[in-house]
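With the working numbering, letter number 508 in the sequence shown gets 513, and the count goes up by one each step, no holes.
We put the beta carbon where it would ideally sit given N, CA and C, even for glycine.
First the structure, in the form of structure tokens, and then the observations on it.
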Amino acid sequence: MNRLDFKLEATAAGSRARAGRLRTRHNEVLTPTFMPVGTHGVVRSQRREDLLESGAQILLANTYHLLLRPGAEIFEKFGGIHGFMNWPRSVLTDSGGFQIFSLPGSRKMREECAEFRSYVDQSTIHLSPERSIAMQRAIGADIMMVLDQCVPSTVERDVARQAMDLTHRWAHRSLAARGDSPQALFGIVQGASFAELRIESARTISQLPFDGFAVGGLAVGETAVQREDCTATVTAWLPEDRPRYLMGVGTTRDLLEAVHRGIDMFDCILPTALAKQGVAFTSLGRRDLRRAAYRAVDGPIDPECGCHTCKTYSIAYLYHLNRVRDTQGWQLLGLHNVHFYMQLMRTMREHILAGTWLNFYNSQRNVLDARDSYGKASTHVTKAERQRLQLRQGRYEVIVHDGVGRIRDMDCGEVMHSVNDPAAEARLLYVEQSRLLERLKHAEVDPLVVWDVGLGAAANAMAAIHAVEAMTADGNSRRLTLVSFENDLDSLTLALRHTKWFAHLRHAAPRQLLANNRWSSGKNAIDWLLLSGDFCRRKFDAPAPDIIFFDPFSFKTDSALWTLQAFRELAQVCSGKAAELFTYTYSTRVRTAMLAAGFYVAKGCATGPKAETTIGLSARAAAARHERELLGADWLGKWRRSDAQAPFGSSANDESWREAVAAHPQFQ
Ligand SMILES: [Zn+2]
6 MNRLDFKLEA TAAGSRARAG RLRTRHNEVL TPTFMPVGTH GVVRSQRRED LLESGAQILL
66 ANTYHLLLRP GAEIFEKFGG IHGFMNWPRS VLTDSGGFQI FSLPGSRKMR EECAEFRSYV
126 DQSTIHLSPE RSIAMQRAIG ADIMMVLDQC VPSTVERDVA RQAMDLTHRW AHRSLAARGD
186 SPQALFGIVQ GASFAELRIE SARTISQLPF DGFAVGGLAV GETAVQREDC TATVTAWLPE
246 DRPRYLMGVG TTRDLLEAVH RGIDMFDCIL PTALAKQGVA FTSLGRRDLR RAAYRAVDGP
306 IDPECGCHTC KTYSIAYLYH LNRVRDTQGW QLLGLHNVHF YMQLMRTMRE HILAGTWLNF
366 YNSQRNVLDA RDSYGKASTH VTKAERQRLQ LRQGRYEVIV HDGVGRIRDM DCGEVMHSVN
426 DPAAEARLLY VEQSRLLERL KHAEVDPLVV WDVGLGAAAN AMAAIHAVEA MTADGNSRRL
486 TLVSFENDLD SLTLALRHTK WFAHLRHAAP RQLLANNRWS SGKNAIDWLL LSGDFCRRKF
546 DAPAPDIIFF DPFSFKTDSA LWTLQAFREL AQVCSGKAAE LFTYTYSTRV RTAMLAAGFY
606 VAKGCATGPK AETTIGLSAR AAAARHEREL LGADWLGKWR RSDAQAPFGS SANDESWREA
666 VAAHPQFQ
């Protein structure tokens, strides 16, 4: 029975490269050919329509995986893999030998069968040559493979010989099991990296009535030169009149070298596996879309390619898809790579038939799969990229001026403590203005509670801690409870990676705070608590404050913290205490909100380019002796003329804030 009707059409002069054709039960396959790998009955990320469009004539499917899932009965029900996948062209199935060898877990090779554990349900599976053939018959493959024993290319000669001998005995059993099935069956040559074993195996296997022959046990750790030598050794001993298949190989350059040495068929996961990483095979060599050099490059990834991806999308867009890890990036690049492999096989076949193979081979050896050298040298870019990424976390990045680091929010562009030395601003605006140290000098039963709203890179909190730790004599007599609020801890995490630029963080406290949500001083009476999450909610979880360092990002970014409603809630929380709030802004809208919420509002000290800042006093604080400069009639007059009167978050149909400000006791 002639199951494949292989016809050799041409052999290139000065080379063993061959062009041929074979006929399966489903279609004619022109060789040399590449078989995309559909491990689980699907080529990863690729639609059958795109595979048909690429010109793929035959797919490879993995018997081992399909035996575990979906199982033989599904294939029986759906009329084999062709019916199940709705795939009209040919399918070759491997036998499971390579998977038994390569997947993790224990395995035993016995004369009767291979024994191993299922990675799906841990059950013990016995795979004999007969069972492998039965499974491949159920799958309905056009071409089946014998079960073989695969060993690493580095094993000792004795081990390699034993595996080869077992493979030969199993070859006989596989042929017997195939019986009179119309499905084709290929024998496999083993022998690891020993030339004399490879020759012995090729001679033994080629004596048997197989429909084609495969070179197995390569692409398992040997060098490219070893692989090429081994391929040449084996093909020299294989009959001319049947197809030859190099299993699991390889890159585009590997294909070129193997065709040159007489191979007709290939399979490899690389086109789709590398696409997932962002790597494309092109007529210009490899292109690695992880490289920033491609960020803004227009035009197709391969100017010579006519695939859907190259006709439709720019390199910059594909770079972007890979960057944001969208599965479409993987799919589109995979589509191109499969298309490129198919086109390469067609081109090689044309040159063999046209008698121009050697020229083509020599012109392509150093082009195919060449290292990506577009733009700057890739090692340089990668290193710069790595350094840059170290300076970023989440939405934040570190910027450095004069050796002092600041945190910038990349989403909104705002920089924390942008205008001054962050530590100096924190000390002046919050620690000194609040008279923190004075208030800690005299012992009291209750601790002094300081809220630090907007922990950021902990500039304000650490300014307070450093100041208290520097107090003379016995330090603070009254206990300090510092409560920091933060909804995104990436800024502190990032700054802690770069303490050379954030000197205030060279202290045990911030790391412990991040790790445990609290830190207590060993020598001073200080407790530091972290309440992460939304301040609007978390403020109700904290002890009521005596002092508030109110330092979130501006309304543009942290809008919910600056509204009339937010200040009303804050006034409510502070109502039982003589509390003072310090903030960097002197915006009229913010002051209006504070006044309307019931705070008394005073001018705060100047800082940087700001002529003043703002202090809010609870009613009790305002009633007590204080030396704050409350806003007076002049401010109220300006407010009445202002076109920025309304507090943030107020609605047009509730202007009660207007009356509340005008009638505020501080102006009476
Ligand atoms: Zn393309």
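Handout entry: Option in G60, T486 and V302 with minimal Cα separation from I531
Key = If you number the sequence shown from 1, residue 531 lands on position 526. Measuring from the Cα of I531, the nearest candidate turns out to be T486.
Exercise for the section: Count the other CB atoms, across all protein chains shown, that sit within 10 Å of the CB of N658; report buried if there are 16 or more and exposed otherwise. Expected result: The sequence position of residue 658 within the sequence shown is 653, counting from 1. Around the Cβ of N658, a 10 Å sphere holds fewer than 16 other Cβ atoms; the residue is exposed.
Handout entry: Option nearest A229 by Cα separation, candidates P214, L260 and S211
Key = Sequence index remark: in the sequence shown, residue 229 carries index 224 (1-based). Cα-wise, what sits closest to A229 is L260.
Exercise for the section: Tell me whether D246 is buried or exposed, calling it buried when 16 or more other Cβ atoms sit within 10 Å of its Cβ. Expected result: By one-based count along the sequence shown, residue 246 stands at place 241. Counting Cβ neighbours within 10 Å, D246 comes out exposed, since fewer than 16 surround it.
Exercise for the section: Consider the C-beta atom of F345 and the heavy atoms of ligand 1; say whether any pair is separated by less than 7 Å. Expected result: Residue numbering aside, residue 345 sits at position 340 when the sequence shown is read from its first letter. Indeed, a heavy atom of ligand 1 lies less than 7 Å from the Cβ.
Exercise for the section: Flag D293 as yes when its Cβ comes closer than 7 Å to any non-hydrogen atom of ligand 2, and as no otherwise. Expected result: For ligand 2, the structure offers nothing, since it holds only ligand 1.
Exercise for the section: Go to T568, then tell me how far its beta strand (DSSP E) extends in each direction, as first and last residue. Expected result: Locating residue 568 in the sequence shown gives position 563, counting from the first residue. T568 -> no beta strand (DSSP E), and no H or E assigned at all.
Problem - R53 beta carbon less than 8 Å from that of M90 - result: Mapped onto the sequence shown, residue 90 falls at position 85. Mapped onto the sequence shown, residue 53 falls at position 48. Cβ atoms of M90 and R53: closer than 8 Å.
Exercise for the section: Would you give the residue range spanned by the alpha helix (DSSP H) that W175 belongs to? Expected result: As a working note, residue 175 is residue 170 in the sequence shown. R162 to R183 is the span of the alpha helix (DSSP H), which, as asked, contains W175.
Exercise for the section: Could you tell me if the beta carbon of T352 falls within a distance shorter than 7 Å of some heavy atom in ligand 1? Expected result: Stepping through the sequence shown from its first residue, residue 352 is reached at position 347. For ligand 1, not one heavy atom lies less than 7 Å from the Cβ of T352.
Problem - For P515, the first and last residue of its enclosing alpha helix (DSSP H) - result: In the sequence shown, counting from the first residue as 1, residue 515 sits at position 510. That run of the alpha helix (DSSP H) goes A513 to N521.
Handout entry: Nearest-angstrom beta carbon gap, G339 and F51 [assumed within contact, 8 Å]
Key = Mapped onto the sequence shown, residue 51 falls at position 46. Mapped onto the sequence shown, residue 339 falls at position 334. What sits at residue 51 in the sequence shown is Gln, not Phe. About 6 Å separates the two Cβ atoms, so the contact holds.
Handout entry: Beta-carbon proximity of W242 to R208, cut-off 8 Å
Key = On the sequence shown, position 237 is the one that residue 242 refers to. On the sequence shown, position 203 is the one that residue 208 refers to. Closer than 8 Å, so yes.
Exercise for the section: Pick helix, strand or coil for S95, following the three-state DSSP scheme. Expected result: To locate residue 95, count along the sequence shown from 1; it is residue 90. In this structure, S95 counts as strand in the three-state DSSP scheme.
Problem - Chain-order list of residues whose beta-carbon lies under 7 Å from that of W662 (same chain, five-residue window excluded) - result: Residue numbering aside, residue 662 sits at position 657 when the sequence shown is read from its first letter. Only L569, T597, A601, P652 and S655 meet the Cβ criterion.
Exercise for the section: Tell me whether the beta-carbon of S179 lies closer than 8 Å to the beta-carbon of I138. Expected result: As a first step, residue 179 is located in the sequence shown; it is residue number 174 there, counting from the start. As a first step, residue 138 is located in the sequence shown; it is residue number 133 there, counting from the start. Yes; because the gap between Cβ atoms is below 8 Å, this pair is in contact.
Handout entry: Own chain, CB closer than 6 Å to F39, minus 5 neighbours either side, in chain order
Key = Along the sequence shown, read from residue 1 onward, the residue named residue 39 stands at position 34. F271, Y346 and M350.
Practice task
Starting from the Cα of F507, find the closest Cα among W524, F558, A24 and H422 and give me that residue.
Solution key: On the sequence shown, residue 507 is found 502 positions in, with the first residue counted as 1. Looking at the Cα atoms, H422 is the closest of the given residues.
Handout entry: Closer than 8 Å to chain D by CB, K12
Key = The chain inventory of the structure shown lacks chain D, comprising one protein chain alone.
Practice task
With hydrogens ignored, establish whether the beta-carbon of C312 is closer than 7 Å to any heavy atom of ligand 1.
Solution key: Your numbering for residue 312 matches position 307 in the sequence shown. Indeed, a heavy atom of ligand 1 lies less than 7 Å from the Cβ.
Problem - Cβ-heavy atom distance, D55 to ligand 1, below 7 Å - result: Stepping through the sequence shown from its first residue, residue 55 is reached at position 50. Because no heavy atom of ligand 1 lies under 7 Å away, the Cβ of D55 does not count as near it: no.
Problem - Three-way DSSP call (helix, strand, coil) for A24 in this model - result: The residue given as residue 24 occupies position 19 in the sequence shown. It is a strand residue.
Practice task
Answer yes if the stretch 514–533 comes into contact with the stretch 430–441, meaning at least three C-beta pairs across the two stretches below 8 Å, and no otherwise.
Solution key: no
Problem - Runs of beta strand (DSSP E) lying entirely within the stretch 207–248, each at least 3 residues, in chain order - result: 217–220
Exercise for the section: Just tell me which of A464, A297 and L442 has its CA closest to the CA of V454. Expected result: Taking the first residue of the sequence shown as position 1, residue 454 is located at position 449. It is L442.
Handout entry: Close beta carbons around D546, own chain, < 7 Å, minus the five adjacent residues each side
Key = Translated into the one-based positions of the sequence shown, residue 546 becomes position 541. Within the same chain, D546 has close Cβ partners L536.
Problem - Residue of Q195, R142, T562 and N327 minimising C-alpha distance to E78 - result: Translated into positions along the sequence shown, residue 78 becomes position 73. Looking at the Cα atoms, R142 is the closest of the given residues.
Practice task
Kindly examine ligand 1 and report whether one of its heavy atoms sits closer than 7 Å to the Cβ of C315.
Solution key: For the purposes of this step, residue 315 is taken as residue 310 along the sequence shown, with counting starting at 1. Flag set: Cβ of C315 near ligand 1.
Exercise for the section: Examine ligand 1 and report whether any of its heavy atoms sits within less than 7 Å of the Cβ of D546. Expected result: Working through the sequence shown from its first residue, we reach residue 546 at position 541. No, the Cβ of D546 stays beyond 7 Å of every heavy atom of ligand 1.
Problem - E419 (DSSP reduced to helix, strand or coil) - result: For the purposes of this step, residue 419 is taken as residue 414 along the sequence shown, with counting starting at 1. DSSP places E419 in coil when its eight states are reduced to three.
Practice task
To the nearest angstrom, report how far apart G609 and E632 are at their CA atoms.
Solution key: Position 604 of the sequence shown, counted from the start, is the residue given in the question as residue 609. Position 627 of the sequence shown, counted from the start, is the residue given in the question as residue 632. In a straight line, the C-alpha of G609 is about 11 Å away from that of E632.
Practice task
Look at G290 and D377 and say whether their C-beta atoms are less than 8 Å apart.
Solution key: Position 285 of the sequence shown, counted from the first residue, corresponds to residue 290. Position 372 of the sequence shown, counted from the first residue, corresponds to residue 377. Cβ atoms of G290 and D377: closer than 8 Å.
Problem - Rounded separation between G102 and P41 - CA only - result: Within the sequence shown, the letter at position 97 stands for residue 102. Within the sequence shown, the letter at position 36 stands for residue 41. C-alpha separation (whole angstroms): 19 Å.
Problem - Beta-carbon proximity check, F218 vs L190, cutoff 8 Å - result: Translated into positions along the sequence shown, residue 218 becomes position 213. Translated into positions along the sequence shown, residue 190 becomes position 185. No, the pair does not count as a contact, with Cβ atoms beyond the cut-off.
Practice task
Measure the Cβ-Cβ separation of H509 and A469 and say whether it is below 8 Å.
Solution key: Here residue 509 is taken as the residue at index 504 of the sequence shown, counted from 1. Here residue 469 is taken as the residue at index 464 of the sequence shown, counted from 1. Taking 8 Å as the Cβ cut-off, H509 and A469 do not qualify as a contacting pair.
Problem - Selection from N492, G613 and I144 that minimises the alpha carbon distance to F83 - result: On the sequence shown, residue 83 is found 78 positions in, with the first residue counted as 1. Nearest option by C-alpha distance: I144.
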